[in-house]
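Protein chains in written order, with the numbering used here: chain A, 312 to 525; chain L, 131 to 534. C-beta: ideal position from N, C-alpha, C; glycine also. In this text the structure is predicted, and so the values were computed from the model without any measurement.
Printed below as a string of structure tokens:
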């Protein structure tokens, strides 16, 4: 890591594992449950949050000395809202079908606790470069979980990945469907996303006992 | 040197190693252990977990045997019906026959074997990893599961559901005695939501109905509840057939007579709570009466999609579907039910009430019983909390009056 000092590199690697925003801090759960039925939607959602959090953290960090602390939440909301509208309009222009799948959840990035949490906890007290790294790290940590959940839900629920059938054709009965396999409809429902996130948390904490709270 | 001492030697040999719980489980399942407890005061009681579990299993065995014969009977009856012959059910004439038994055993016993095999493997793995003894909890669950699924459910689906139910429904909470949801119903709920085409509709309830669909030999496998939910007319329904159980349905839930006998057995041995059973039935009847009243008042016309089930005379709700089975064997599960006596009345009443409500208002889930029980499982601790708080408040008041 010639580019980043050890301390800076930790800003990116920490949220990916031992300080993951979803599995450890349990933030941003709603969108993780709602849009992970398809892998593509999970990926796009991850990129959208990456964009908003990366740039938002830098903007807030640059303004951190001039924001009066009484109205800082309002200023933060305006920054997120502006960035989210950009994402929403870009999606509507270039990926209309996908933006329909994501529906209100792009707009609801504004209320995603991870973003406000990072603004409050990090960007208000650190310089732009470190804030940028922190934003990228947390957004990646969020995206990784979304992609894992989306992978299992789409594979087991619809038998596809990125919309491409990988297990054969369920109607023509080819591939694994010829031996009696069937798609698991439960995987397409939000409760199953909660259970998968729970299983990830379980695996993570049994590998690293230090993460278990009392 | 019999099997017992061999097992004892094995147990001694593996003492303190990782696999110890597995050998202990086999030994104590078959025999009394050689050791006695040492040190401290202890209470000797005959009603341990194993006795409770065995009592429930004994109460379930008649249902299982009936289910085996019924699976065969329904198969042949449907084949006859397709050929234009209507059967008149009679116990010794055409029910307890060798043919019925062969077909039934061939379809039902694999369900039992898969349920117990997969479930116990999961239990053993968890016991070995976590280093505690294998618990008896799965013995009843493993027996209940084959009784509450359709006969033709693919075995791999059952296996997946059992793994899900035991791990998510029980082990993550800490094993037997710690679970919030009834594991058997968790398994059924998983199957219902994951593979709805195999758990509902008019094909899955009779052996081979799915395979024959669309061919010249097609047979019908519709349940009475399903027919009511579809508003279709039910010519020639015999209430005695419904009571004795000569109807299509999940394996073990059709014979109301045997369920009532099982219920009396559970109440007599004090394993099942009569309060829960009675209040569940009262709840179901209350909701049935309300719906009958709505129809009588003319608020719901025959064109309504709810008319079919709302118009069912209230007492018939008890003999169609599996409300009775749920009330006797599922709602009374001592771990997931309410613990206080007053709480048991509330808990049971709401199960019955909500079951019939789901049954009528959601034609997609005519069998609302399992959903109602799972819902009330979640609320059982809350009910207990308020019952106990009410008790505490009343006593505090009494105390203040005295001291004042």
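Take residue 241 of chain L, set aside five residues on each side of it, and the residues of its chain with a beta-carbon closer than 6 Å to its own are 276, in chain order. Contact check for residue 502 of chain L against residue 496 of chain A fails: the beta carbons are separated by 8 Å or more. Within the DSSP bridge table, the entry for residue 472 of chain A names A:475 as partners. When only Cα atoms are considered, residue 268 of chain L and residue 321 of chain A end up about 46 Å apart. Straight through space, the alpha carbons of residue 287 of chain L and residue 252 of chain L are spaced by roughly 16 Å.
By the neighbour-count criterion, in which 16 or more other beta carbons inside 10 Å mark a residue as buried, residue 262 of chain L falls on the exposed side. The contact set of residue 500 of chain A on chain L, defined by CB atoms closer than 8 Å, consists of 323 in chain order. For residue 428 of chain L, there is no enclosing alpha helix (DSSP H), as DSSP marks it with neither H nor E. Between residue 368 of chain A and residue 456 of chain A, the CB-CB gap reaches or exceeds 8 Å.
Taking a cut-off of 8 Å for Cβ pairs, the segment 465 to 481 of chain L and the segment 201 to 220 of chain L do not touch, as fewer than three such pairs fall below it. Take the alpha-carbon of residue 144 of chain L and the one of residue 264 of chain L: they are about 15 Å apart.
Distance from the CA of residue 422 of chain L to the CA of residue 294 of chain L, rounded to the nearest whole angstrom, comes to 39 Å. Ranked by Cα distance from residue 454 of chain L, the options L:411, L:431, L:205 and L:429 are led by L:411. The contact set of residue 276 of chain L on chain A, defined by CB atoms closer than 8 Å, is empty, because the minimum CB distance reaches about 19 Å. Contact annotation: residue 348 of chain A and residue 493 of chain A have beta-carbon atoms that are not nearer than 8 Å. With a beta-carbon spacing of about 18 Å, residue 424 of chain A and residue 327 of chain A fall beyond the 8 Å limit used to define contacts. Within chain A, no residue has its CB atom less than 9 Å from the CB of residue 222 of chain L, the nearest being about 38 Å off. Taking a beta-carbon distance threshold of 8 Å, residue 313 of chain L does not count as an interface residue toward chain A. Residue contact check for residue 374 of chain L against chain A: no CB pair falls below 8 Å. Against chain A, the beta carbon of residue 326 of chain L has neighbours under 8 Å at 496, listed in chain order. The DSSP assignment places complete alpha helix (DSSP H) segments of no fewer than 4 residues inside the segment 216 to 265 of chain L at 228 to 260, in order along the chain. Excluding residues up to 5 positions away in sequence, 157 lie with their Cβ nearer than 6 Å to the Cβ of residue 137 of chain L in the same chain. In this structure, the CA atom of residue 475 of chain A is about 39 Å from the CA atom of residue 309 of chain L.
Interface residue (Cβ-Cβ distance to chain L less than 8 Å): residue 493 of chain A is classified as such. With a threshold of 16 other beta carbon atoms within 10 Å, residue 170 of chain L falls short and is exposed. Rounded to the nearest whole angstrom, the C-alpha separation of residue 512 of chain L and residue 413 of chain L is 19 Å. The beta carbon of residue 298 of chain L sits closer than 8 Å to some beta carbon of chain A. With a threshold of 16 other beta carbon atoms within 10 Å, residue 328 of chain L meets it and is buried.
The shortest C-alpha to C-alpha distance from residue 259 of chain L to any of A:517, A:397 and A:362 is the one to A:517. Per DSSP, the unbroken alpha helix (DSSP H) holding residue 326 of chain A starts and ends at 317 to 327. Excluding residues up to 5 positions away in sequence, 450 lie with their Cβ nearer than 6 Å to the Cβ of residue 361 of chain A in the same chain. Among the residues facing chain A, residue 320 of chain L is included, as its CB has a counterpart in that chain under 8 Å away. Of the candidates A:441, A:389 and A:440, the residue whose Cα lies closest to the Cα of residue 418 of chain A is A:389.
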